[in-house]
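First comes the structure, then the notes that go with it.
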Amino acid sequence: MLVVRGGLLIYLIFFAFSCRLDENDTIIKGKVIDSRDSPIENVTVLLKNKDSLEYPEHYIQGAISDKNGKFKLEIKGKLSDFVLYVGKIGYKDLIIKNIKLKLKDHEVVLLEDNSEHIDYIPKN
């Protein structure tokens, strides 16, 4: 588990574009990096219906970033009224609403969770 202290930011470089595998198929891929441009692995990326945000177990497609910070989602059909959930323990969850496929890069900042981690060792 990654314990984060200070003002570290995680940058999610999100490349969303349409790749014509089929008439309506879509590929969404991107890379998760920190403020020093180091890749962040094990970040959860979920494509969800906008109406299912309150149900963590309901998602359409999911991926976990690899050791290079890269992730890839392959979706059958066109995107409409969907959101992208990005999260990792130690950081605030990020929800990107109204996903629209564009032919340019998107940069989104995932901020550190400000909750403190306190170690407790009981005395005998």
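Heads up, the sequence shown is in the working numbering, so the first residue is 1084 and it goes up one at a time.
In this text, a Cβ means the ideal position worked out from N, Cα and C, and glycines have one as well.
Cβ-Cβ distance between residue i and residue j below 9 Å
i	j	result
Phe-1154	Ile-1143	no
Val-1126	Gly-1145	no
Leu-1177	Lys-1112	no
Lys-1150	Lys-1180	no
Residue i in three-state terms, based on DSSP
i	result
Asp-1117	strand
Lys-1150	coil
Lys-1112	strand
Lys-1133	helix
Leu-1142	It is Tyr, not Leu, that sits at residue 1142 in the sequence shown. Tyr-1142 falls in the coil class under three-state DSSP.
Neighbour-count burial assignment, residue i, 16 or more Cβ in a 10 Å radius
i	result
Lys-1131	buried
Lys-1159	exposed
Cβ neighbours of residue i in the same chain (closer than 6 Å, five flanking residues each side left out)
i	result
Leu-1129	Tyr-1142, Gly-1145 and Tyr-1168
Extent of the continuous beta strand (DSSP E) run through residue i
i	result
Gly-1173	Segment: none, Gly-1173 is in no beta strand (DSSP E) and carries neither H nor E.
Cutoff 8 Å; reference residue i; Cβ partners in own chain excluding five residues on either side
i	result
Glu-1140	none
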